[in-house]
Amino acid sequence: MDQVLLKGSTPTWRQESNVDHSLDQAGQSKDLKRKEQEQHSLLLHELRPCALQALHELVALVHDHVNASDQNQPVSSDSTNGLMCSKTNKQDKTLTTEIFHLEEDPVAKILWILEPGIFKDIFLAMAHNFPRTLEALVLHLLSPVGAEVLTRKFDEIDQQNTEENRNKFYQIFYGVFDNQFAAMDAILNGKESFARQVMH
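Mapped onto the UniProt record's numbering, the consecutive letters of the sequence shown carry residue numbers 1 to 200.
Next up, the structure:
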């Protein structure tokens, strides 16, 4: 009878050993993921002054929008006039600014003047430190012009980084959203709306 019972069951110590091994592997996997994210996430004190200033402006715009939504008031922000980061090709910037009407869109204006490396640093820092603010920025504040500027900046990042670095950036960026498809839809719908406006 003992032999029959033993054939149908695994000894308890072997089961516990398997559970412990699985827990160890799961813990190691989580630690590895966390370390990987920390390596690709920037802390606020690591940002350059102009990147920190632009991040502050974006966070302030989102918070102003949220506060205005709570009080049903329009949002206006003139604080973007003080940004010190600039695009190197001033003629191109001026021409594109006139086409996009960036002066009327504070989010697009901030994003447009950022160099790709600074842009990437800002969004990694935002994903690490202010994930809900990043989500609100993309889902609620991104105009068609803002979506066009955002995707152009993504293209610039893609050109300057390896495939592995690009994938890690997008994994962190889209990882903050509760619904990643909603974020992608918001960006693509904004871009399509911009294209329609340009065609008319």
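Even for Gly, the Cβ is constructed at its ideal location relative to N, Cα and C.
Everything numeric in this text was worked out from a predicted model, so none of it was measured.
Item                                                                                                                                                                           : Value
To the nearest angstrom, how far is it from the Cα of V59 to the Cα of K109?                                                                                                   : 14 angstroms
Which word fits D121, buried or exposed, when buried means at least 16 other C-beta atoms lie within 10 angstroms of its C-beta?                                               : buried
Between which residues of its own chain and Q197 is the CB-CB distance below 7 angstroms, once the five residues before and five after are set aside?                          : P144
Whole angstroms is fine: what's the gap from K153's alpha carbon to G117's?                                                                                                    : 10 angstroms
Just to confirm the assignment, what range does the alpha helix (DSSP H) spanning L124 have?                                                                                   : P116 to N129
Using a Cβ-Cβ cut-off of 7 angstroms (strictly less than) and excluding sequence neighbours within five positions of L61, which residues of its own chain qualify?             : S77, P106, V107 and L141
What separation, rounded to the nearest whole angstrom, lies between the Cα atoms of E164 and Y170?                                                                            : 10 angstroms
Taking only the alpha-carbon atoms, compute the straight-line gap between E192 and Q71 and give it to the nearest angstrom.                                                    : 31 angstroms
Just to confirm the assignment, what range does the alpha helix (DSSP H) spanning T162 have?                                                                                   : Taken as a continuous stretch (DSSP letters only), T162 belongs to no alpha helix (DSSP H), as it is neither H nor E.
Specify, as a first and last residue, the run of the alpha helix (DSSP H) that S69 falls within.                                                                               : P49 to Q71
Enumerate in chain order the residues of its own chain whose CB-to-CB distance from A125 is below 8 angstroms, with the five nearest sequence positions on each side excluded. : S41, L42, L43, L44, E46, L47, A51 and L55
List the whole-angstrom C-beta distance separating A136 from I172, where the pair is believed to meet the contact cut-off of C-beta under 8 angstroms.                         : Not really, about 17 angstroms apart at Cβ, beyond 8 angstroms.
So, for E148: in the same chain, excluding its five sequence neighbours on each side, which residues have a beta-carbon less than 6 angstroms away from its beta-carbon?       : K191 and F194
Can you tell me which of P131, L139 and I113 puts its alpha carbon nearest to the alpha carbon of E156?                                                                        : I113
Between the Cα of Q180 and the Cα atoms of P49, H65 and L134, which residue gives the shortest distance?                                                                       : L134
Which word fits L188, buried or exposed, when buried means at least 16 other C-beta atoms lie within 10 angstroms of its C-beta?                                               : exposed
For E46, report the span of its alpha helix (DSSP H) as first-last.                                                                                                            : Counting along the chain, E46 falls outside any alpha helix (DSSP H), and DSSP gives it neither H nor E.
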